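Written out below as structure tokens is the structure these notes cover.
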Amino acid sequence: MPDKLVYRDWQSVRHYLEQRLRQRSLRLVSLDLFDTLLGRIDTPEQVQKACCRELARLLPGAASDTPLLTPDSVWQARQQAEAELRQQALQQGLDPECRFSDLVPRWLEKLGRKPEPAQVCLCIDTEVRLEKLALYVKPGVRTFLNWLAQQGIGIIAISDMYLDRLLLESLLEDKGLQPLLEQVFVSAERLKGKYSGRLFQAVMRQRDIAPAHWVHVGDNPVSDRRIPCSLGIQGIWLYEKAELRQREQQQLNAAMAAHGSIWRGRYFFSLLQQRLLHLEPESDDFYFSYGRDVLGAAYSTFMLGLQERLRRQPVQRLFFVARDGFLFQQMYQSLEGRRPPDDYIYLSRKVITAASVADGLSLEQAQVAFYNPKQQGLLSICKVYGLPENRLEPLALQHGFTHFDEPLQNWQDQRLQAFLADTQVQAIIRQNGRTQRNLLETYLAQAGFLGGGHVGLVDIGWNGTVQKFLKQAFGERADYPVVNGYYFAFVPKMYSDFGSNNFCEGIIHDSRRDNACERIPAEFEEIFEQGARSLEATTVGYRRLEGRVEPVLKSGHSPDRMAEVTCNRMVTAMHAGVMTHWKHFLALRQLTGCNSSDLLPYVYGMLERAVVYPSREETRMLTRLVHTEDFGHDHVLDLGRHSLGLRDLLHPRTLLASLQQATWRYALFAQLPTGIANFALRIAYLHAVRK
Amino acid sequence: MNRHAGNQPNLMISPTRLFVYAQAFRFSSGRGRCFSPGLRTLLSWYIAHLQRIVIDRAALKRLRLRIERA
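As structure tokens, then:
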């Protein structure tokens, strides 16, 4: 009897085979398929359950007296059908095996369905499709097979599997292994398994091969080593410890998923990590990795939530708002199946505010321009509302202003009130506002928003200013649509009433839900905006061009835009990372059937980690991004490059001021060891918010 | 492990770490501890995890190999 060999990797197997080839005592190598050549990101049981879930949804209804299908009833029927077929094979003196093509008709009968060809096909296709999603070629396998293929010996695959040979071959084709294998033998074909030795004997007869010239490799110490050895075939047990550990971890994650809370999401993302590890090349780019691992999870869950809402309440058209709706539109367009048509709509707070002064500028409106710490008085007002500085500056001089860009710390400044009360000033403002408003109205009609019936508006967040203003300005029009605004995070601090038929919802965060733990995107809004934004400049107005109204984008010569352009490479890398995540997210959505509420608890945890407890590398790299705002200024926002040291803790006032002004306050403690400072700050901040 | 590696995908956060993070909410507002894994479930996870470490399957398989050879 041959030695019972155990090897830990493909390299060692290759060394052994090289010896045998030198001795000219090798004519055939057979390989086990599952867990040997092909790895799984999920257990076979979970894949079968996923198939049952899909079939419960996809199988057409039968007669009215047939009970409604549930994933569990479909699973039970499958188990029964399989057990019967295995028992039947045993009674016929064969091994307790079954063939999927026999299983499916019986399974359908147990579900009260006639095994019509279309339904049989649906079951088979669903199972094979999901198997393809769960399988990957294990590391080192391709190199090994390519080497083996050059040795001039036979290479076959032998598997104990319920899928028919043709189905198995289609799986191998999908993974690119079929051309490297001469033949595939499967227990389902002859109802003879490896574990009884019958399948090896059948192969021996068919291939007319002496056992002494045959080596078999597989991961099962019994059916891949002991049994072939007992038949005189050299069996090799491929024992890969890391793979075994991974399978145990998969089983533990799957079992823990039943506990709900974060566990379901953790299970989902553990599968996603497996897919990324095995199916995607590694990347050294920090921004790509950040997009893939952090933003990807948040954006994908948002898009899943959006899909669920669109299914519940369909819209006629979906508008993705510039610029942060850009990536969401890319993600939306990669969805398969029927979905409402979509469009990218050029809107910004700047164009909205410019149109909002069509009836004049009030003191309250003017004060909006002063919220910026770098405000420049009247100049800021002109920038925010798109007003002509050259026409207003001479009038400002008449009201006591010496410098048009003088910051106004007193928001009730007498000069300002007099300036706004000036009929000449208001006439210029109104004239400008009306022009902007007319252009915006024409653009909205041209884009199909006005007259759209029932539309969806997708944006990153936060106050819903655009949606609020559009309703306010054009809501009286008979063709103004019913609008469903879907935001990544919705924090309506500025407005509460959005009017009739004008709905808003934050999918990841909605402050109206009053859940402190989901507030995390609002703690570092800028990174979520940067990760989703398009590469083009912000919209600053509209113009008529060849009979159409076109958006006018901010000049490439403005300082903030120039700074922004230097960051476009980083943003593109983040987009690529997010899209990679999304591709695998969609595959796993089919495999697990998870919905957004299953994933959200874990996603909140991921975001809490990323925003409140960032690593030094994250802090260093993310603060290199330049953040601009679309409110008309040319400033860029400092994302917090200056972190605090231990000495700063001795100066509480300075510390407090730094924390209050910081865009990303948790990044300030990046240089302090451990996350204790961040934890303490988190507690303090949550207390303050509550008050 | 939980920090960003920068190349290999890293989507996993230890449940213990999440439990600790969630305590910040417990010590402050007391609302929305939605990403806490729950103490009991966390303990059951630890037990299952420890079983995996303590019961060295590799050693068991090596033992089985010896018995087979004997």
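Line order of the protein sequences matches chains X and S. Numbered by this note's numbering, the letters in the first sequence go through residues 1 to 691 in order. Numbered by this note's numbering, the letters in the second sequence go through residues 1 to 70 in order. For each residue, glycine too, the CB sits at the ideal point set by N, CA and C. As the structure is a computational prediction, the values presented were derived from the model and not from experiment.
| Query | Result |
| --- | --- |
| Of the residues X:Asp95, X:Phe370, X:Val137 and X:Asp405, which one's Cα is nearest the Cα of Leu180 (chain X)? | X:Val137 |
| Can you tell which of X:Lys471, X:Gly453, X:Glu393 and X:Gln329 has its C-alpha closest to the C-alpha of Asp459 (chain X)? | X:Gln329 |
| Going by beta-carbon coordinates alone, are Gly296 (chain X) and Ile13 (chain S) separated by less than 7 Å? | no |
| Using 8 Å as the Cβ pair cut-off and three pairs as the minimum, do the segment 503-514 of chain X and the segment 395-413 of chain X touch? | no |
| Under 8 Å by Cβ, that's how I've got Tyr287 (chain X) and Ala573 (chain X) pegged, so tell me the actual separation to the nearest angstrom. | 4 Å |
| Using the Cβ count rule (16 or more neighbours within 10 Å means buried), how would you classify Arg245 (chain X)? | exposed |
| Return no unless some Cβ of chain X is closer than 7 Å to the Cβ of Ile13 (chain S). | yes |
| Out of X:Asp95, X:Gly140, X:Lys114 and X:Ser30, state which residue places its alpha-carbon closest to the alpha-carbon of Gly39 (chain X). | X:Gly140 |
| Within a Cβ cutoff of 6 Å, which residues of the same chain sit near Arg665 (chain X), ignoring the five residues on either side of it in sequence? | Leu659 |
| With 8 Å as the C-beta to C-beta threshold (strictly closer), list the residues of the segment 269-298 of chain X near chain S in chain order. | Phe269, Ser270, Leu272, Gln273, Leu276, Leu277, Glu280, Glu282, Ser283, Asp284, Phe286, Ser289, Tyr290, Arg292, Asp293, Val294 and Ala297 |
| Out of X:Val368, X:Trp237, X:His651 and X:Gly453, point me to the one whose CA is closest to Ala478 (chain X)'s CA. | X:Gly453 |
| With 16 other CB atoms within 10 Å as the buried threshold, where does Lys114 (chain X) fall? | exposed |
| Taking 7 Å as the threshold (C-beta atoms), are Ala358 (chain X) and Gly475 (chain X) in contact? | no |
| For Trp214 (chain X), list the residues DSSP reports as bridge partners. | X:Leu28 |
| Taking the beta carbon of Gln206 (chain X) as the centre, do at least 16 other beta carbons fall within 10 Å, making it buried, or is it exposed? | exposed |
| For Tyr46 (chain S), which residues in chain X fall below 9 Å Cβ to Cβ? | Those do not exist, as Tyr46 (chain S) stays about 11 Å from chain X at its closest Cβ, beyond 9 Å. |
| Quick check on Gly605 (chain X) - is its C-beta less than 7 Å from some C-beta in chain S? | yes |
| Let me make sure I understand the geometry here. Which of X:Arg275, X:Cys52, X:Thr143 and X:Cys98 has the alpha-carbon closest to that of Leu108 (chain X)? | X:Cys52 |
| According to DSSP, is Gln183 (chain X) part of a helix, a strand, or is it coil? | strand |
| Can you pull the chain S residues whose beta carbon is under 9 Å from the beta carbon of Ser261 (chain X), in chain order? | Cys34, Phe35, Ser36, Pro37, Gly38 and Thr41 |
| To the nearest angstrom, report how far apart Tyr162 (chain X) and Glu97 (chain X) are at their CA atoms. | 7 Å |
| In the DSSP output, which residue or residues are listed as bridge partners for Pro388 (chain X)? | According to DSSP, Pro388 (chain X) bridges with nothing at all. |
| How long is the line joining the alpha carbons of Ser596 (chain X) and Gln307 (chain X), rounded to whole angstroms? | 10 Å |
| Let me see if you follow: with CB-CB separation under 7 Å, is Leu60 (chain S) close to chain X or not? | no |
| Given a cut-off of 7 Å, decide if Glu564 (chain X) and Val626 (chain X) are closer than it, judged by their beta-carbon atoms. | yes |
| I need the DSSP call for Phe96 (chain S), collapsed to helix, strand or coil. | Lying outside 1 to 70, the shown extent of chain S, residue 96 (chain S) is not represented and no answer is given. |
| Looking only at its chain, what residues have a beta carbon closer than 6 Å to the beta carbon of Thr353 (chain X), apart from the 5 residues adjacent to it on each side? | Val384 and Tyr385 |
| Among X:Phe269, X:Val368, X:Ala427 and X:Leu103, which residue has its Cα nearest to the Cα of Gln88 (chain X)? | X:Leu103 |
| Would you list, in chain order, the members of the segment 579-608 of chain X that have their beta-carbon closer than 8 Å to a beta-carbon of chain S? | Leu600, Pro601, Tyr602, Tyr604, Gly605, Met606 and Glu608 |
| For Leu209 (chain X), I'd like the list of residues in its chain whose CB is within less than 7 Å of its CB, leaving aside the five on either flank, ordered along the chain. | Strictly speaking, residue 209 (chain X) in this sequence is Ile, with Leu absent from that position. Here the set comprises Arg27 and Leu28. |
| For the candidate residues S:Pro9, S:Leu11, S:Thr41 and S:Phe25, whose alpha-carbon lies nearest to that of Tyr685 (chain X)? | S:Phe25 |
| Give a yes or no on whether the C-beta atoms belonging to Phe35 (chain S) and Ile683 (chain X) are separated by under 7 Å. | no |
| On a CA-only basis, which of X:Arg430, X:Asp413 and X:Tyr344 is nearest Gln446 (chain X)? Give me that one, please. | X:Tyr344 |
| Is the segment 145-165 of chain X touching the segment 181-188 of chain X, taking contact as three or more C-beta pairs under 8 Å? | yes |
| Measure the beta-carbon distance from Pro340 (chain X) to Val315 (chain X) and round it to whole angstroms, keeping in mind my assumption that it falls under 8 Å. | 5 Å |
| So what's His627 (chain X) in DSSP terms, helix, strand or just coil? | strand |
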